[in-house]
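Residue numbers (this note's numbering): 17 to 611. Note that beta-carbon positions come from the ideal geometry of N, C-alpha and C, so glycine has one too. Encoded as C-alpha cells, the structure appears first; notes follow it.
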C-alpha cells in the first residue's frame, strides 16, 4: 500500500520537481494528511477540501509547518522548493491525498521502509532490506521501556521498529533529518530524531559524556573515511585505534553508547583486514565483547554487491566463546534473481544466534582459538562444510608440517614504465600457470630498473620455484621448469598478484611434491580455507605460512617428480600435434594464394 501511495503522489509531482524533491514532498503531503485526519494539528493547519479553494493557502500552510519546532520543523523543512510550484499544479496532488484519507488508506500506512523506494534517487546511504532491518532489531531485542540508539538510520527503518516494541528510539543522522522526521510523524509511535555526525560531532551527549542507551543498532556508511584529526580531536577518548576506517570508528562509538548490546552490520573486511581492524578485533575478542558473528547472504543490497556480516557485541565483555552463524545457506537465504537474494526465516535465525541451539550452520569457538587465528572473525573459518571437517580429521592423523617450515616466500619485483636504465624480463601471471606440468614460457615482457634487478636477484624465479596466485584468481599454482633462465635480463619474475614459494634443499617436502600437493583437491581445499577479501579475494602471507602440509614418504615424493616430468612430456607432444593439426588444411582456400 505504501508503494502505491508514494508512487501515485510522486507521479503527480515529477513534471515539476526532481525525483528526490518529489519523494520528499510526497512524504510531507502524506504526513500532513495523516496529522490532519488524526487531529494532531490545529484546525487552521489541517489539510481540507475547503483549504484548496483558497489559492495559495495550502502552500502557505506547508511552509508554516516547516517553521514549527521538534519533529514538525525538520519534517517540513525545505518548503522553499514549493515556491517553484503553483497552487494549481499542487492541487491535484493534495486532492489525491484527501481521497486517500477518506478511503482510510492512511490509517494503517506503514512507512518504516519508505526509504527503500527512494534509494535509486537518494545519496544518504544504503537502504536496508526489510528482512535485514527485522533481523537486526530481533538480535538487539529492545524491550518495552528500554532505550535504543540508531545512528546513520537516515530513513528511520530501525527506529520505527524499535518504537513499535514500545522502546524509546534515538535516531541520529549526519544527513538532513527531513526524511527521518517524516517517517517518525507517519509512524503510530514517533521517535526522537537528531542531526549530528556520530563520529565527528555526536549529539547523544549528556553531562559531558555519551548517553548510555540499553542497546545500539547501526549500519554505518560503506566506504566512508574520516580525517585523522577527527580521531585526534575526540573529546570522549572513544578511539584507541588511530584510523580513518568508518567501520572501526563506528564500532568503538557504538560500544561507548550502549550498555547491554550492540548490533552492527559491517563489510566483511572488518572481519579479516590487518592494521586497525586487526587491533580492534584482537581487543574485542580478548575482552570477551564479541558475542556472535553472522555471515549474511550475498546480494542483499540494491546498490552494491559488497558482502556483509552482523556482529553482536556485549559492551560488558566477559564472553569466553563466540558463536558463528552462516546465514548464507538455503535455510536462511531466498534467491530473488541471479545476483540478488533476501534473508528468510528471520525468527529462526534470531533464535539460532541468541540461544544455545546448534546446527550444521553454526559453531561455538573459544576465544583462545580465535586469537590464535589472528583474531579472524570470518564465519567460514569456523563453520566448516563436511569436506573440510573430514580434511581436518585426516590432518590430525597424518604427519604434517607448516608451509613456513619448508618454504620461504618472495614478493614480486617492482616493475617500471621508464625505458632508461631498465632491463627486459618475463613476467609469469595467472594465465601462464598450466594445469599440468611445468610453466613453459611467461606471457609478457616487463621492465625493471637495472639496479633493482641486480640488487634483488632472489626475486627472480629459479628452477623448481613454485608460483602461487594470492590475489584475484587465488590458489592457482605453477612450478618453474629445471631449465629456467638465470636472474637478470631475460629472467623470469612473478606478477603482482602472485608470490614465490622457494623450498629449502634439505626440506622434508620436495618442491615437486609441494607443487603437486598444492594443486591437488586437498591442497585447493586447504587454500580455500584461508581465502579472505570483500570484493577481491586474497590470501594473506601470514596465514599461508601456517598452512598445514602433508609430509610424503620417499615413494610419494618420487611419484610427484615423475608425474610432473611425464605431464611435461605429454604437453610437448600435445603442442607438436596441435601444430601439425593447424597445418593440415592451412593451404586450402588461402588468401595467400591470391597474392
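Rounded Cβ spacing between residue i and residue j (contact assumed at less than 8 angstroms)
i	j	result
residue 200	residue 161	Going by Cβ atoms, the distance from residue 200 to residue 161 rounds to 19 angstroms, so no, they are not a contact pair.
residue 47	residue 117	With 8 angstroms as the limit, residue 47 and residue 117 do not qualify as a contact, their Cβ atoms being about 12 angstroms apart.
residue 290	residue 238	Not a contact, Cβ separation roughly 19 angstroms.
residue 176	residue 143	Rounded, the Cβ-Cβ distance is 13 angstroms, inconsistent with contact.
residue 535	residue 496	At roughly 14 angstroms, the Cβ-Cβ gap does not stay under 8 angstroms, so residue 535 and residue 496 are not in contact.
residue 294	residue 391	6 angstroms
residue 253	residue 158	The Cβ separation is near 27 angstroms, so there is no contact.
residue 311	residue 395	4 angstroms
residue 113	residue 22	So it is not a contact: roughly 11 angstroms between Cβ atoms.
residue 509	residue 476	6 angstroms
residue 343	residue 278	Not really, about 18 angstroms apart at Cβ, beyond 8 angstroms.
C-beta neighbour in chain D for residue i, strict 8 angstroms
i	result
residue 428	The structure shown contains no chain D, having only a single protein chain.
Residues near residue i by beta carbon distance below 7 angstroms, same chain, minus five either side
i	result
residue 351	357
residue 267	280 and 296
residue 521	none
residue 459	445, 447 and 448
residue 216	242 and 246
residue 404	541 and 545
residue 489	446
residue 194	40, 90, 91, 93 and 94
residue 538	407
residue 498	479 and 480
Nearest-angstrom Cα separation, counted from residue j out to residue i
i	j	result
residue 540	residue 336	32 angstroms
residue 79	residue 43	15 angstroms
residue 517	residue 363	48 angstroms
residue 399	residue 486	23 angstroms
residue 84	residue 326	39 angstroms
residue 368	residue 332	22 angstroms
residue 242	residue 250	12 angstroms
residue 387	residue 408	19 angstroms
residue 68	residue 108	10 angstroms
residue 419	residue 221	52 angstroms
residue 40	residue 170	13 angstroms
residue 442	residue 167	52 angstroms
residue 397	residue 263	21 angstroms
residue 130	residue 146	10 angstroms
residue 412	residue 549	28 angstroms
residue 406	residue 473	42 angstroms
residue 197	residue 462	58 angstroms
residue 260	residue 240	8 angstroms
residue 219	residue 258	22 angstroms
residue 38	residue 124	23 angstroms
residue 285	residue 599	52 angstroms
residue 570	residue 416	15 angstroms
residue 174	residue 153	7 angstroms
residue 128	residue 433	55 angstroms
residue 591	residue 451	14 angstroms
residue 580	residue 453	5 angstroms
residue 163	residue 186	8 angstroms
residue 553	residue 225	41 angstroms
residue 385	residue 376	19 angstroms
residue 484	residue 209	52 angstroms
residue 244	residue 401	41 angstroms
residue 562	residue 379	22 angstroms
residue 349	residue 148	11 angstroms
residue 465	residue 585	36 angstroms
Same chain, Cβ closer than 6 angstroms to residue i, five either side skipped, listed in chain order
i	result
residue 308	328, 339 and 369
residue 63	48, 49 and 52
residue 512	428
residue 314	323
residue 182	160
residue 228	275
residue 381	338 and 398
Own chain partners of residue i with C-beta closer than 8 angstroms, once the 5 adjacent residues on each side are dropped
i	result
residue 422	519, 520, 523, 524, 525, 530 and 565
residue 74	63, 67, 68, 103, 106, 107 and 110
residue 482	423, 493, 494, 495, 496, 516, 517, 518, 519, 527, 530, 531 and 534
May I ask you to verify whether the region 529-545 touches the region 499-511, counting CB pairs closer than 8 angstroms and requiring at least 3?
Segments in contact, no.
In chain order, which continuous runs of the beta strand (DSSP E) of length 3 or greater are located wholly inside the region 109-194?
Within the region 109-194, the complete beta strand (DSSP E) runs of at least 3 residues are 163-167 and 184-189.
Inter-stretch contact at 8 angstroms, needing at least 3 Cβ pairs: the region 294-306 / the region 177-193:
Contact fails: fewer than three Cβ-Cβ distances are below 8 angstroms.
Alpha helix (DSSP H) runs wholly inside the region 347-427, at least 4 long, in chain order
With a minimum length of 4 residues, the continuous alpha helix (DSSP H) runs that stay inside the region 347-427 are 362-370, 383-388, 402-413 and 419-422.
At least 3 beta-carbon pairs within less than 8 angstroms: the region 446-455 vs the region 417-433:
As far as the Cβ criterion goes, the region 446-455 does not touch the region 417-433, which means the pair count is below three.
Just to confirm the assignment: which complete alpha helix (DSSP H) runs, minimum length 4, are found wholly within the region 486-541?
The region 486-541 contains these whole alpha helix (DSSP H) runs: 527-535.
Hey, which unbroken runs of the beta strand (DSSP E) at 3 residues or more fall wholly within the region 444-477?
Runs found: 460-465.
Please list the segments of the alpha helix (DSSP H) lying wholly inside the region 35-88, counting only runs of 4 or more residues, in order along the chain.
List check, alpha helix (DSSP H) in window: 35-53, 65-68 and 73-81.
Run through the region 224-268 for me and flag every whole beta strand (DSSP E) of 3 or more residues, listed as ranges in chain order.
With a minimum length of 3 residues, the continuous beta strand (DSSP E) runs that stay inside the region 224-268 are 229-234.
List, from N- to C-terminal side, the beta strand (DSSP E) runs of 3 residues or more that fit wholly inside the region 559-601.
Runs found: 564-566.
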